[in-house]
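Structure, as structure tokens:
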Amino acid sequence: MTDVDELEVRGATRRFGGLIAVNDVSFSVRRGEIFGLIGPNGAGKTTLFNLITGVTKMSSGQLFHRGEELTGARPHVVARHGLARTFQNIRLFGGLTALDNVMIAQHVHTRSGLLRGVLGLPPTRTEERAVVQRGMELLSLVGLAARHDEKAANFSYGDQRRLEIARALALQPKILLLDEPAAGMNQHEKAGLSEFVRELRVQFDLTILLIEHHVPLVMGLCDRIAVLDFGNLIALGEPGVVQRHPAVIEAYLGDEGAVA
Amino acid sequence: MLDALRSYDALLLQMVVAALLALSLYLPMMAGQLSLASPGFYALGGYTAATMSKGVFAPPADGSFPVSALLLEMLAAGLLSAALAVVVGALALRLSGIYFALATIAFVEILRVLSLNLNITGKAIGIFGIPQPFGDKLSYMWVALPLLIGVMLFVRRLERSRVGRSLLAVREDQLAAASMGIDLTRTKVLAFTLGGTLAGVVGALDAHVLNTWNARQGTFDRSILLLAFVLIGGTRTYLGPVAGGLALTYLPEWLRSRAEAGVLPSWVSTFIDEGRFIIFGVLLTVGCIFFPRGLITPDLLKRGRRFGRRKQQPRPDVTPDASPGTPVTRGADA
């Protein structure tokens, strides 16, 4: 049973009225893989992320994590299964400090209830110290430890993206889903991001799914890539194969007539 | 000193009750839920205390009424309100934003109309002659003040605990909170229940203070008044609703006393009496525009603390803004 897929999406479909945003998409992600999801704007990449994390309900289809069915599970249940995500349009707890953000994400790994928390009894204090320490470790991992007391909303765009990754890691996930982590970064930062994602995989024993527009980054970083176009999975495979796939070339460049 | 306080006993109690009820609105707001249900639970708590004190705890012929009975009634009112809040919360919190707020107004109205028509609540007349555990009004402070301080400490600690942080996370961003493993429904119902419980307990106390209880205690007007306390006082720290409740209860009385003393013209006193909802309405509108988070905000308190520290340890060679050590040391106990 060791080679059960880390994540399996089976026939995922999502209709919004007459629009089919994701159409019968099936793929599986192996443990420890960096799996890229690419496609033109409006291809359904983020919708697919939302289907996986339970934010949007599937119209039909199934979802499995290590053989366990997660179809129709609500977001917090999916999160408790070890799927953590970032958002394309960054959703931090803006009014709270950076440290609060990473402390909140440790919610499912801590126990103290209402009364114990309010009374601050010794077990809670110990737990609280551990949560702070873990939070600071994650903040220093993304280089924000010195600014732990600042409001998340006051951070620059790039720092917010980094903080969001730290927050996702605080959930101690098995699968990390990154929605356009390189958006708004310059060439230099993008190169650093590749390295960072690889390090994360090793350090936290993660399987990583990422949506990205920047093709060179995806090609260099991912073990396998799935290509979506108008909600359909048009290609799946290693970067080199996907890159030469006629359907992919057509989706990105238009058909030959348009190019000529 | 005591005599001076005694002449203001009713007002002082009113202020403490206002602060407590404002906190009962603040608790659901910690999870981002605008609940106006507090007066409903407050009324329920009052009726609970009124019926219990005239029933089970009916005082003997000499009229003495033990304080322990009052405390038991407050406990019963709290439990009853909590039970009702869980049910109402689980149903109403399926709605979000303004629709939830409307549902809580409907809840207050339903309870009000019920109490106007049920025999057990004394219909329109209400319940009067509620037994008094204390010889004078001011002595109620022995219960009211510890309750206020206790609740303030509770909320203060809550804001720094795991459960409290989950409330704040839901307030800040529901989708992100859920994606971090926080059960939204559970968290919102919890916040709503905490607020409802507190309002119920306060109602039980206030029924004795006021000596009489009727359907006018839990009304929509009251909801708006409490909302004004919180929105003007501050929605981001527990000190906001407390300050709002205390100040906005004291202020109209003070203005009225000024008017009566001839310092202000008499139409002012009439206006304050008749038109306090107009004043609060204007304050709410102006407040929402210029102080969307109320007058007392965490940032303000932070600045205050920093200022206090600077005064204690003057460092003439370093300009105040360039003290890089400050934020780090402060975070250590956060």
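Residue numbers (numbering that gives the first Met the number 0), protein chains in the order written: chain A, 0 to 259; chain B, 0 to 333.
We put the beta carbon where it would ideally sit given N, CA and C, even for glycine.
query, result
"Under 7 Å between the Cβ atoms of residue 91 of chain A and residue 147 of chain A?", "no"
"Can you tell me whether residue 55 of chain B is buried or exposed? The criterion is at least 16 other CB atoms within 10 Å of its CB, across all chains shown.", "exposed"
"Is residue 179 of chain B close to chain A, meaning its C-beta is less than 7 Å from at least one C-beta of that chain?", "yes"
"Once the 5 residues before and after residue 30 of chain B are set aside, which same chain residues still bring their CB inside 7 Å of it?", "166, 169, 170, 186, 187 and 190"
"Between which two residues does the alpha helix (DSSP H) containing residue 270 of chain B stretch?", "265 to 273"
"Indicate whether at least one CB of chain A lies closer than 7 Å to the CB of residue 308 of chain B.", "no"
"When we look at the beta-carbon of residue 51 of chain A and count the other beta-carbons within 10 Å, is it buried (16 or more) or exposed?", "buried"
"Among residues of its own chain, excluding the 5 on either side of residue 213 of chain B, which ones have a beta-carbon nearer than 6 Å to its beta-carbon?", "125"
"Return the residue from the list B:152, B:172 and B:137 that minimises the CA-CA distance to residue 9 of chain B.", "B:137"
"Using the C-alpha atoms, what's the distance from residue 6 of chain A back to residue 227 of chain A?", "18 Å"
"Cα-Cα, which of B:84, B:4 and B:78 is closest to residue 37 of chain B?", "B:84"
"Evaluate residue 288 of chain B with the Cβ neighbour count: other Cβ atoms within 10 Å of its Cβ, from every protein chain shown; 16 or more gives buried, anything less gives exposed.", "exposed"
"Mind checking residue 12 of chain B: buried by the 16 CB within 10 Å criterion, or exposed?", "buried"
"So with CB distances below 9 Å, who are the chain A contacts of residue 81 of chain B?", "Near residue 81 of chain B there are no residues of chain A at all, since even the closest Cβ is about 12 Å away, more than 9 Å."
"Check residue 281 of chain B in the structure and name its three-state DSSP category.", "helix"
"Which class does residue 54 of chain A belong to by DSSP, given the choice of helix, strand or coil?", "coil"
"Excluding the 5 residues flanking residue 325 of chain B on each side, which residues of the same chain have their C-beta closer than 6 Å to its C-beta?", "Bear in mind that the predicted position of residue 325 of chain B carries a pLDDT of just 36, short of 50, making it too unreliable to give a figure here."
"Starting from residue 102 of chain A, find everything on chain B with Cβ-Cβ shorter than 7 Å and list it in chain order.", "164"
"Considering only residues of the same chain and omitting the five flanking positions on each side of residue 332 of chain B, which have a CB-CB separation below 8 Å?", "Note that residue 332 of chain B has pLDDT 38, beneath the 50 cutoff, so the model's placement of it is unreliable and the number below is only indicative. Around residue 332 of chain B: no qualifying Cβ."
"Do you know how far the Cα of residue 224 of chain B is from the Cα of residue 279 of chain B?", "7 Å"
"At a Cβ threshold of 7 Å, is residue 153 of chain B touching chain A?", "yes"
"Taking 7 Å as the threshold (beta carbon to beta carbon), is residue 31 of chain A in contact with chain B?", "no"
"Using alpha carbons as the reference points, say which of B:66, B:16 and B:122 lies closest to residue 46 of chain B.", "B:122"
"With distances taken from CA atoms, which of A:232, A:247 and A:106 is nearest residue 44 of chain A?", "A:232"
"Any chance you could list the beta strand (DSSP E) runs of at least 3 consecutive residues sitting entirely within the region 84 to 126 of chain B, in chain order?", "none"
"Excluding the five sequence neighbours on either side, which residues of its own chain have a C-beta within less than 6 Å of the C-beta of residue 42 of chain A, listed in chain order?", "227 and 228"
"Pull up the CB-CB distance for residue 74 of chain A and residue 178 of chain B, whole angstroms please, since I reckon it's below 8 Å.", "5 Å"
"Would DSSP call residue 63 of chain A helix, strand or coil?", "strand"
"Looking at residue 334 of chain B: is its Cβ nearer than 7 Å to the Cβ of residue 205 of chain B?", "Lying outside 0 to 333, the shown extent of chain B, residue 334 of chain B is not represented and no answer is given."
"Across the region 219 to 235 of chain B and the region 288 to 302 of chain B, are there enough close Cβ pairs to call them in contact, namely three or more that are closer than 8 Å?", "yes"
"Taking 7 Å as the threshold (C-beta atoms), are residue 48 of chain B and residue 76 of chain B in contact?", "yes"
"Among A:35, A:25, A:55 and A:30, whose alpha-carbon lies nearest the alpha-carbon of residue 174 of chain B?", "A:55"
"By DSSP, does residue 49 of chain A sit in helix, in strand, or in coil?", "helix"
"Under 8 Å, with one C-beta from each stretch per pair, do the region 204 to 212 of chain A and the region 27 to 35 of chain A reach the 3-pair mark?", "yes"
"Among the residues of its own chain, which have a CB less than 6 Å from the CB of residue 257 of chain A, if the five just before and after it don't count?", "Because the pLDDT at residue 257 of chain A is just 44, under 50, the model does not fix this residue reliably, and the point stays unresolved."
"Can you look up residue 26 of chain A in the DSSP assignment and give me helix, strand or coil?", "strand"
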